[in-house]
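> Residue numbers (UniProt numbering): 1 to 91.
1. Could you spell out the range, first to last residue, of the alpha helix (DSSP H) harbouring residue 44?
2. Using the Cβ count rule (16 or more neighbours within 10 Å means buried), how would you classify residue 55?
3. When you compare the CB positions of residue 31 and residue 69, do they come within less than 9 Å of one another, or not?
4. State the Cα-Cα distance for the pair residue 27 and residue 37, rounded to the nearest angstrom.
5. Suppose you measure from the CA of residue 22 to the CA of residue 40; what does that come to, to the nearest Å?
6. Among 33, 35 and 42, which one has its Cα closest to the Cα of residue 19?
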């Protein structure tokens, strides 16, 4: 996404389609056991470089690395958003 589009999303209030780690529209969105959503790569990389598996949002600690579930609603919505943005960028 362009910086302007990203800024518009961030300024539109709390946006359920932005990853709080990369601050971009979700790519392969997953949900943690505590209910927070992240890009799959963002959260797995975060956990790979951290001492422990902890939610970056609520700080809940997972003593065993949790199984992440694909957030199908966010996946389909963000896929649609990205496709629409790609079309708009071509025009």
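Every residue gets a Cβ at the ideal spot worked out from N, C-alpha and C, and that includes glycine. Quantities reported herein were computed from a predicted structural model and do not represent experimental measurements.
If we stick to the structure as given:
1. Here residue 44 refers to the residue found at position 44 of the chain shown. Here the alpha helix (DSSP H) through residue 44 covers 40-49.
2. Start at 1 with the first residue of the chain shown, and residue 55 comes out as number 55. Looking at its Cβ environment, which holds 16 or more other Cβ atoms inside 10 Å, residue 55 is buried.
3. Position 31 of the chain shown, counted from the start, is the residue given in the question as residue 31. Position 69 of the chain shown, counted from the start, is the residue given in the question as residue 69. For residue 31 and residue 69, yes; Cβs fall inside 9 Å.
4. Taking the chain shown and counting its residues from 1, the one referred to as residue 27 is at position 27. Taking the chain shown and counting its residues from 1, the one referred to as residue 37 is at position 37. Cα to Cα, residue 27 sits roughly 11 Å from residue 37.
5. Residue numbering aside, residue 22 sits at position 22 when the chain shown is read from its first letter. Residue numbering aside, residue 40 sits at position 40 when the chain shown is read from its first letter. Going from the Cα of residue 22 to the Cα of residue 40 covers about 11 Å.
6. On the chain shown, position 19 is the one that residue 19 refers to. Considering only alpha carbons, the answer is 42.
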